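Taking the numbering used here, the leading residue of the first sequence gets 114, the next gets one more, and so forth.
For glycine and all other residues, C-beta sits at the position ideal for the given N, C-alpha and C.
Computed from a predicted model, the values in this text were never measured in an experiment.
In what follows, a structure is listed as structure tokens, so that the remarks can point back to it.
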Amino acid sequence: MNHLKKLRGMVDLLPEQTPIWQAIESLARTHFVRAGISEIRTPLLEATELFSKGIGEETDVVGKEMYSFLDRGERSCTLRPEGTASVIRAVLENGLLNKGMQRLWYAGPMFRYERPQAGRQRQFHQLGVEFIGLNQTRSDAEVIALAWNLLQDLGLNNLELEINSLGDEEDRKTFRSQLVNWLQSRESALDTDSQKRLLQNPLRILDSKNSQTQALLEKAPKLHSSLSKESQKRFASVQIHLQALDIPFKINDRLVRGLDYYDQTAFEITSPQLGAQSTVCGGGRYNRLIEQLGGPPTPAIGWAIGLERLILLIQQISQENPSGKAALLSKINHPDIFLINKGADAEKKALVISQELRAAGFIVELDCSSGAFNKQFKRANRSGARWALVIGDDEMRTGQIRLKNLDHSLKQNDPIQNEQLHPLNNLESLMESLRTQATPNKNN
RNA sequence: GCGGGCGUCGCCAAGUGGUUAAGGCAGCGGCUUGUGGCGCCGCUAUUCGGGGGUUCGAAUCCCCUCGCUCGCCCCA
114 MNHLKKLRGM VDLLPEQTPI WQAIESLART HFVRAGISEI RTPLLEATEL FSKGIGEETD
174 VVGKEMYSFL DRGERSCTLR PEGTASVIRA VLENGLLNKG MQRLWYAGPM FRYERPQAGR
234 QRQFHQLGVE FIGLNQTRSD AEVIALAWNL LQDLGLNNLE LEINSLGDEE DRKTFRSQLV
294 NWLQSRESAL DTDSQKRLLQ NPLRILDSKN SQTQALLEKA PKLHSSLSKE SQKRFASVQI
354 HLQALDIPFK INDRLVRGLD YYDQTAFEIT SPQLGAQSTV CGGGRYNRLI EQLGGPPTPA
414 IGWAIGLERL ILLIQQISQE NPSGKAALLS KINHPDIFLI NKGADAEKKA LVISQELRAA
474 GFIVELDCSS GAFNKQFKRA NRSGARWALV IGDDEMRTGQ IRLKNLDHSL KQNDPIQNEQ
534 LHPLNNLESL MESLRTQATP NKNN
């Protein structure tokens, strides 16, 4: 077992974990359908240039986290580190903007070459939304509400929505020079990372985790006060709409986000229960990106949810409250019927019956072991199935199939409910009985 | 890229220099050729992530390496 191991930062999703993924995906899909949002699927692999141009050369994602390599034609390729750039590329390349504004969602794996830690992997999964061609502040609120409502519907309490306005390019330019001026005279008080950023990306200093730097920033110039009248009005309007939707939020003056393309509204949804990597959902407006990638000037806004972090949260909340909504999501589909069978003729008949029952909509597990009956019963019990259906030589002889309720509590006291006989050649009465006595699966 | 913690069976582990590496769970087989929850019995690591060294003797000490994990940076 030493050789065939997955690469660092890659993760297998095992059968017991996939139900929760499916539950999230299906709930998300219904939210998107209701909101008139269509799915888009783009390649995992893109030309490196798309991301360096789109996300920004100076960002950490592009500078040190891209999963890049040369293909056989010596082209530089990169496994997508995020979804937005690819979606915009696809929209432009396929002329979708000619059909008007686009409301899109996507889901799938993303790749960043970083050291893994809790809530961070090299291959991870995002679920994202992009509204392209809209600049009204109502669309900001709608996009945020979409994320918020989905997370609520997944049973997540305890989330915090933080919003900020980064203003437009002009606003940021004036703020940047103010901030740099102010900080330069106090450079020695900054932590070393922030000192480096003073030259490269000074706005990022604002969300430094260093407490001394944070204390210093208390007195620094505020981004808010550099916003133009229009940007301020815009931000106020976003807030009014969020209030109208009863979505609680906090304004975080320090929220700047690490991708270069953000403009105006930026937001994050975090959970205090996640440890160091606490952001579940991040997003914002990006009104310049499309032009930057060669398209017509087009406003847009979007977000992405990190699915691994989301699932981490759901699992924590499920533990705290095993009967809550979040806990129901990881429910496993146990079979309705476990088919116990032994003997050449019986096994052939059982195979046929299993198909008929499945065609009728029942979840059926067929035991193919030809093993002793007591072994098969043990497996039936473990499978979590509600019913055991038994076919052996005796049943073939009498033409009666045996249906047993596997519910433990019924064993001794109620033999009638515990075992029934049904004709082998006409499954109608069996199916009828299964339907009318349909009970929820035991074992969650 | 930089720090901290950890690597003994599929999982959880005891063992911290002395001759056969506890135990529990799961798995398989039996008690019980055709009837499940319980019980009892048996089986399942020539080997302690890998390599090298010290020693009469190493899972236990030293060095190197690989992997996992948490944190920093940054992000979902």
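When secondary structure is reduced to three states using DSSP, Pro361 falls in the coil class, being assigned neither helix nor strand. Following the DSSP letters along the chain, one finds Met223 inside the beta strand (DSSP E) bounded by residues Gln215 to Phe224.
Boundaries of the beta strand (DSSP E) around Gly241: Gln236 to Ile245. The shortest CA-to-CA distance from Ile137 to any of Gln265, Phe288 and Gly280 is the one to Gln265. Secondary structure note for Asp458: its alpha helix (DSSP H) is the uninterrupted segment Ala457 to Ala472. Scanning the region 486-519 from its first residue to its last, the whole alpha helix (DSSP H) runs of 4-plus residues come out as 486-496 and 506-511. Here the C-alpha atom of Gln215 lies approximately 12 Å from the C-alpha atom of Asn207. Setting aside the 5 residues that flank it on each side, Ser542 is surrounded in the same chain by His535 and Pro536, each with a C-beta closer than 7 Å to its C-beta; the list follows chain order.
With contacts defined by Cβ atoms closer than 7 Å, Val175 and Ser165 form a contacting pair. The beta carbon of Glu421 is closer than 7 Å to those of Gly232, Gln234, Phe237 and His238 in its chain, skipping five residues each way along the sequence.
DSSP assignment within the region 289-356 yields the following whole alpha helix (DSSP H) runs of 4 residues or more, N-terminal first: 305-313 and 324-330. Taken atom to atom, the span from the alpha-carbon of Ala302 to that of Val293 is near 14 Å.
When the Cα atoms are used, Ile257 and Ser321 turn out to be separated by approximately 25 Å.
With respect to the C-alpha of Gly484, the residue from Arg492, Glu478 and Val477 having the closest C-alpha is Arg492. Per DSSP, the continuous alpha helix (DSSP H) segment holding Arg147 begins and ends at Thr131 to Arg147. The closest CA to that of Asp376, considering only Arg515, Leu158, Pro412 and Asp359, is found on Pro412. By the beta-carbon neighbour count (other beta carbons within 10 angstroms, threshold 16), Ile418 is buried.
For Leu158, the enclosing beta strand (DSSP E) begins and ends at Leu158 to Ala160. Secondary structure note for Ile403: its alpha helix (DSSP H) is the uninterrupted segment Leu402 to Gln405. Here Gly512 is actually not in contact with Gly456; their C-beta atoms are around 14 Å apart, not less than 8 Å. In the displayed model, Ala389 falls within coil according to three-state DSSP, outside both helix and strand.
Ranked by Cα distance from Gly407, the options Glu159, Ile133 and Ala203 are led by Ala203.
Comparing C-alpha distances from Ile150 to each of Ser350, Glu545, Leu442 and Tyr219 shows the shortest one belongs to Tyr219. In chain order, Pro448 and Asp449 place their CB closer than 6 Å to the CB of Ile476, counting only its own chain and leaving out the 5 sequence neighbours on each side.
Of the residues Phe182, Arg471 and Ala459, the one whose Cα lies closest to the Cα of Glu508 is Ala459.
Per DSSP, Ile276 is one residue of the beta strand (DSSP E) stretching across Glu273 to Ser278. Beta-bridge partners of Ala254 (DSSP): none assigned. If the five residues before and after Leu355 are omitted, its C-beta is found closer than 7 Å to the C-beta atoms of Ala254, Ile257 and Phe362, all from its own chain and listed in chain order. Annotation for Asp373: Ile168, Gly169, Glu171 and Thr172 place their beta carbon closer than 8 Å to its own, counting only its chain and skipping 5 residues before and after. Around the beta carbon of Glu159, 16 or more other beta carbons sit within 10 angstroms, so the residue counts as buried. If you compare the alpha carbons of Glu300, Arg251, Glu227 and Ser443 with that of Leu358, the shortest gap goes to Arg251. Leaving aside the five residues that flank Asn248 on each side, the residues in its chain whose CB is nearer than 6 Å to its CB run, in chain order, Pro412.
In chain order, Gln234 place their CB closer than 6 Å to the CB of Val124, counting only its own chain and leaving out the 5 sequence neighbours on each side.
Nearest to Leu442 by C-alpha distance, out of Phe451, Asn454 and Ile427, is Ile427. Counting C-beta atoms within 10 angstroms of its own C-beta, Gln135 has fewer than 16 neighbours from the protein chains shown and is therefore classed as exposed. Between the alpha carbons of Glu178 and Ala198 lies a gap of roughly 16 Å.
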